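2 protein chains.
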Amino acid sequence: MSDLLERLRERGWRLTAQRRVVAEVLDGDHVHLTADEVHARAARRLPEISRATVYNTLRELVHRGEVLEVSTDGRAKRYDPNAHRPHHHLLCSRCGSMRDVRPTGDLLADLPPSQSFGFTVSEVEVTYRGVCPDCAG
Amino acid sequence: MSDLLERLRERGWRLTAQRRVVAEVLDGDHVHLTADEVHARAARRLPEISRATVYNTLRELVHRGEVLEVSTDGRAKRYDPNAHRPHHHLLCSRCGSMRDVRPTGDLLADLPPSQSFGFTVSEVEVTYRGVCPDCAG
DNA sequence: CCTTGCTTTAGATCCTGTCCAAGGTAGGGT
DNA sequence: ACCCTACCTTGGACAGGATCTAAAGCAAGG
Ligand SMILES: [Mn+2]
Ligand SMILES: [Mn+2]
Ligand SMILES: [Zn+2]
Ligand SMILES: [Zn+2]
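Protein chains in written order, with the working numbering: chain A, 995 to 1131; chain B, 995 to 1131.
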């Protein structure tokens, strides 16, 4: 994720300890943390970091397309660093764990013009729900 | 919707004026009201009805599978009486208006076994986002 | 009718997320 | 190396959505 920070710095983003730590926390595959989880992990490395800064940083990363914001029902949104290859989500109805998935079909094409009601459709979001192997017992 | 109320009464649901009014408000096609919108409309007919009762009634209707709960990003959930024929949603990014849609493909089948990560997938929810004709100007 | 257990109600409370004013600091300019 | 200043961070207030509570109300079976 250090190339991410470098990229953003070149675009005029000030490189602060807080932003560095948030970026570190968000590194990895199948990472889908809530803002408060990001805050808790960031605070291990930088105890004074505030919730407001975590929210600010996440909002900017989302706005710049570096992080994906995934809204899950009524609960807290989750933040996903895997923003460069589009994908969808598989969500466990019991424990809430989340995996990235890549369906085969062209889901946008699955919506025929007769079903578009004059909308200019630009994006499709898919959530598959089920029970994960750990919860299956 | 009166058969709905009858059905529920037979299952031990007490028939109150409040529940009757909420059911009436939720009648129709392409109805996707927020809880507060339901409350506002219900209050026209029954001024003393409380927000808590609207929330309680909606929760129960959802729990009994008579109404669908649709969560839209950070905003208030919407309640959809069209629960008996499964469908997906087309959502305007600007004004938030919502339409029911029925994609052609088998979206569950679009998730190949190699992408299931051992989950027992039971449900798929799709949200198409775009700009509605009214907002297109 | 009565009774009883389910319902309703207002208001408190919780959770997520945003806003604010005050103080701090990255990093370009010198 | 040191300033400056525009940008950043902070804690706490705030807001909207939704749930919870305890007291009062009422549907409906007996
Ligand atoms: Mn993801
Ligand atoms: Mn619908
Ligand atoms: Zn699970
Ligand atoms: Zn619109």
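Even for Gly, the Cβ is constructed at its ideal location relative to N, Cα and C. Everything numeric in this text was worked out from a predicted model, so none of it was measured.
Practice task
Report the three-state DSSP secondary structure of S1108(B) (helix, strand or coil).
Solution key: helix
Problem - Sub-9 angstroms separation of T1028(B) and R1072(B) beta-carbons - result: yes
Exercise for the section: Quick one: which residues of the region 1111-1124 of chain A get their C-beta closer than 7 angstroms to a C-beta of chain B? List them in chain order. Expected result: F1111, G1112, F1113, T1114, V1115, S1116, E1117, V1118, E1119, V1120, T1121, Y1122, R1123 and G1124
Handout entry: Beta-carbon contacts of C1089(B) that lie in its chain and below 6 angstroms, excluding the five residues immediately before and after
Key = For C1089(B), same chain residues with a beta-carbon under 6 angstroms away, outside a window of 5 residues either side, are C1129 in chain order.
Exercise for the section: Could you pull out every residue in the same chain whose Cβ sits closer than 7 angstroms to the Cβ of L1101(B), ignoring the five residues on either side in sequence? Expected result: V1118 and V1120
Handout entry: Buried or exposed by the 16-neighbour rule on C-beta atoms within 10 Å, applied to A1017(B)
Key = buried
Handout entry: Cβ separation of D1074(A) and V1061(A), assumed to be a contact under 8 angstroms, to the nearest whole Å
Key = Indeed they touch by this definition, with Cβ atoms about 6 angstroms apart.
Handout entry: Whether H1083(B) touches H1026(B) by CB criterion (9 angstroms)
Key = yes
Exercise for the section: Determine, using beta carbons only, whether A1066(B) and L1105(A) come nearer to each other than 9 angstroms. Expected result: One point to set straight first is that residue 1066(B) is Thr, not Ala, in the sequence displayed. Not a contact, by the Cβ cut-off of 9 angstroms.
Problem - Euclidean distance between Cα positions of L1040(B) and C1126(A) - result: 45 angstroms
Problem - DSSP bridge partner residues for E1018(A) (one or two, in chain order) - result: BP columns for E1018(A) are empty, so no partner.
Problem - Helix, strand or coil at E1060(B) [DSSP, three-state] - result: coil
Problem - Contacts of T1098(A) in chain B (Cβ-Cβ under 7 angstroms) - result: Ordered by position in chain B, the residues that pass the 7 angstroms Cβ test against T1098(A) are D1104 and P1106.
Problem - Test: L1084(A) CB closer than 9 angstroms to a CB of chain B - result: yes
Problem - D1030(B) in three-state terms, based on DSSP - result: Note: D1030(B) maps to helix in three-state DSSP.
Exercise for the section: Whole angstroms is fine: what's the gap from H1033(A)'s alpha carbon to E1042(A)'s? Expected result: 10 angstroms
Exercise for the section: Check each candidate in R1045(A), A1103(A), L1002(A) and G1124(A) and name the one with the smallest Cα separation from G1059(A). Expected result: For the residues R1045(A), A1103(A), L1002(A) and G1124(A), the minimum Cα distance to G1059(A) belongs to L1002(A).
Exercise for the section: Could you round the C-beta distance between L999(B) and L1009(B) to whole angstroms and report it? I think they count as a contact, below 8 angstroms. Expected result: Correct: roughly 6 angstroms between the Cβ atoms.
Handout entry: Given A1103(A) as reference, the closest of R1093(A), S1116(A), S1091(A) and N1050(A) once Cα atoms are compared
Key = Ranking the options by Cα distance to A1103(A), first place goes to S1116(A).
Handout entry: Near ligand 2: V1064(A) beta-carbon under 8 angstroms from a heavy atom
Key = no
Exercise for the section: For C1126(A), return the contacting residues in chain B, with the cut-off set at a CB-CB distance below 9 angstroms. Expected result: F1111, G1112, F1113 and T1114
Practice task
Check whether the Cβ atoms of M1092(A) and V1048(A) sit closer than 9 angstroms, and answer yes or no.
Solution key: no
Exercise for the section: Establish whether the CB of A1052(A) and some CB of chain B are separated by less than 9 angstroms. Expected result: The amino acid at residue 1052(A) is misidentified as Ala; the sequence shows Leu. So, not an interface residue.
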